[in-house]
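What follows is a single structure, written as structure tokens, with notes after it.
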Amino acid sequence: MTANHQVQPVAETAALIQPLHRLVGLADSVPLIRVSLAFIDRRFNLYLRFGEPACTLQLDRWRRCAMFLPASIFCRIRWESNHYGTIRWQLMVMQACTPLDAVQRIPGVQPGARLLLHVEGEQKVRTVLERIDAIEALGIAGIDVSPAYWCTLDNRLATRLSLPAYCAERHAAWLAGRGLQ
Numbered sequence: 812m813t814a815n816h817q818v819q820p821v822a823e824t825a826a827l828i829q830p831l832h833r834l835v836g837l838a839d840s841v842p843l844i845r846v847s848l849a850f851i852d853r854r855f856n857l858y859l860r861f862g863e864p865a866c867t868l869q870l871d872r873w874r875r876c877a878m879f880l881p882a883s884i885f886c887r888i889r890w891e892s893n894h895y896g897t898i899r900w901q902l903m904v905m906q907a908c909t910p911l912d913a914v915q916r917i918p919g920v921q922p923g924a925r926l927l928l929h930v931e932g933e934q935k936v937r938t939v940l941e942r943i944d945a946i947e948a949l950g951i952a953g954i955d956v957s958p959a960y961w962c963t964l965d966n967r968l969a970t971r972l973s974l975p976a977y978c979a980e981r982h983a984a985w986l987a988g989r990g991l992q
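Following this line, the structure appears as structure tokens:
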């Protein structure tokens with residue numbers, strides 16, 4: 812047996828199978844978006860900042876796979892380092908799509924997703940994380956924020972303009988507009 816295929820205790824295996832059991836009826840009718848996640852101590856961390864996966868599979872000691880239903884919004888952060896320190900910061904806010912939607916191909920996201928916000932570099936990532944913290948301080952989950960806000964934030968960061976705040980009024984307007992559709 813190779814090092815990549817370790818035998819898992821029965822309790823861990825049951826914990827992995829249980830979330831899949833909930834998706835058995837959905838698997839034929841709803842396409843799931845698969846998002847790769849990984850962690851290697853002090854070297855690499857690819858994780859979700861927010862999002863509600865339909866299920867998460869533990870592939871091995873270092874890798875996981877989160878599966879999202881269409882229209883789900885999630886944020887994935889990538890952090891890498893080497894012997895000299897941090898070499899990469901990346902933050903992406905994405906929306907899972909159906910096969911009929913136009914999607915962007917993103918490494919580690921199969922078959923793809925709609926990219927709402929993409930920032931690279933420590934300073935930009937920290938700025939967006941501060942915005943996410945401020946939104947959560949209002950009692951609003953990141954997955955409930957208007958997709959248009961994430962796109963606006965992306966455009967403002969790219970052009971180095973002032974960043975808009977996401978307030979309760981803006982959120983109420985988004986919910987009211989979504990209710991009319």
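Residue numbers (my numbering): 812 to 992. No residue lacks a Cβ here, since even glycine has one placed at the ideal position from N, Cα and C. Keep in mind that this is a model prediction, so the values were computed, not measured.
Practice task
Express the C-alpha separation of LEU949 and GLN869 in angstroms, rounding to a whole number.
Solution key: Looking up residue 869 in the sequence shown gives position 58. Looking up residue 949 in the sequence shown gives position 138. Looking at the two C-alpha atoms, the distance is approximately 33 angstroms.
Practice task
Per DSSP, which residues does GLN906 bridge with? Please list them.
Solution key: Stepping through the sequence shown from its first residue, residue 906 is reached at position 95. Paired residue(s): ILE884, ARG925.
Exercise for the section: For the beta strand (DSSP E) containing GLN869, list its first residue and its last residue. Expected result: Position 58 of the sequence shown holds residue 869. From DSSP, the beta strand (DSSP E) with GLN869 extends over 866-869.
Practice task
Report the partner residues of LEU897 according to the DSSP bridge assignment.
Solution key: Here residue 897 is taken as the residue at index 86 of the sequence shown, counted from 1. First, the amino acid is wrong: residue 897 is Thr here, not Leu. Paired residues: SER892.
Exercise for the section: Give the range of the alpha helix (DSSP H) segment to which ILE943 is assigned. Expected result: Walking along the sequence shown from the start, residue 943 turns up at place 132. Here the alpha helix (DSSP H) through ILE943 covers 933-948.
Practice task
Hey, could you find the ends of the beta strand (DSSP E) CYS876 is sitting in?
Solution key: Working through the sequence shown from its first residue, we reach residue 876 at position 65. Its beta strand (DSSP E) spans residues 874-879.
Practice task
Indicate whether TRP900 and ARG887 have their beta-carbon atoms separated by less than 9 angstroms.
Solution key: Working through the sequence shown from its first residue, we reach residue 900 at position 89. Working through the sequence shown from its first residue, we reach residue 887 at position 76. No, the Cβ-Cβ distance between TRP900 and ARG887 is not below 9 angstroms.
Problem - Nearest to TRP873 (by Cα), restricted to the options TRP961, TYR858, ILE951 - result: Locating residue 873 in the sequence shown gives position 62, counting from the first residue. Nearest option by C-alpha distance: TYR858.
Practice task
Check each candidate in ILE884, GLN906, VAL846 and name the one with the smallest Cα separation from ALA994.
Solution key: The shown model of the chain, from 812 to 992, leaves out residue 994, and the question about it has no answer.
Exercise for the section: Can you grab the Cα-Cα spacing for the pair LEU848 / LYS935, in whole Å? Expected result: Numbered from 1 along the sequence shown, position 37 holds the residue referred to as residue 848. Numbered from 1 along the sequence shown, position 124 holds the residue referred to as residue 935. Straight-line Cα distance between these residues: approximately 21 angstroms.
Problem - CYS978 burial status per 10 Å Cβ neighbour count (16 or more: buried) - result: The residue you call residue 978 lines up with position 167 of the sequence shown. Classification for CYS978: exposed.
Problem - The alpha helix (DSSP H) enclosing TYR960, as first and last residue numbers - result: Here the question's residue 960 lines up with position 149 in the sequence shown. It spans 958-970 - the alpha helix (DSSP H) in which TYR960 sits, taken as one unbroken run.
Practice task
Compare the C-alpha of THR897 against each of ASP871, GLY932, ARG989, ASN966 and name the closest.
Solution key: On the sequence shown, residue 897 is found 86 positions in, with the first residue counted as 1. Cα-wise, what sits closest to THR897 is GLY932.
Exercise for the section: Would you mind reading off the limits of the alpha helix (DSSP H) that contains ALA987? Expected result: As a first step, residue 987 must be located in the sequence shown, where it is residue number 176. Unbroken alpha helix (DSSP H) run through ALA987: 979-991.
Practice task
Tell me whether ILE954 sits in a helix, a strand or coil according to DSSP, three-state version.
Solution key: Stepping through the sequence shown from its first residue, residue 954 is reached at position 143. Note: ILE954 maps to helix in three-state DSSP.
Exercise for the section: State the start and end residues of the unbroken beta strand (DSSP E) segment that holds LEU859. Expected result: Here the question's residue 859 lines up with position 48 in the sequence shown. Counting along the chain, the beta strand (DSSP E) containing LEU859 begins and ends at 855-861.
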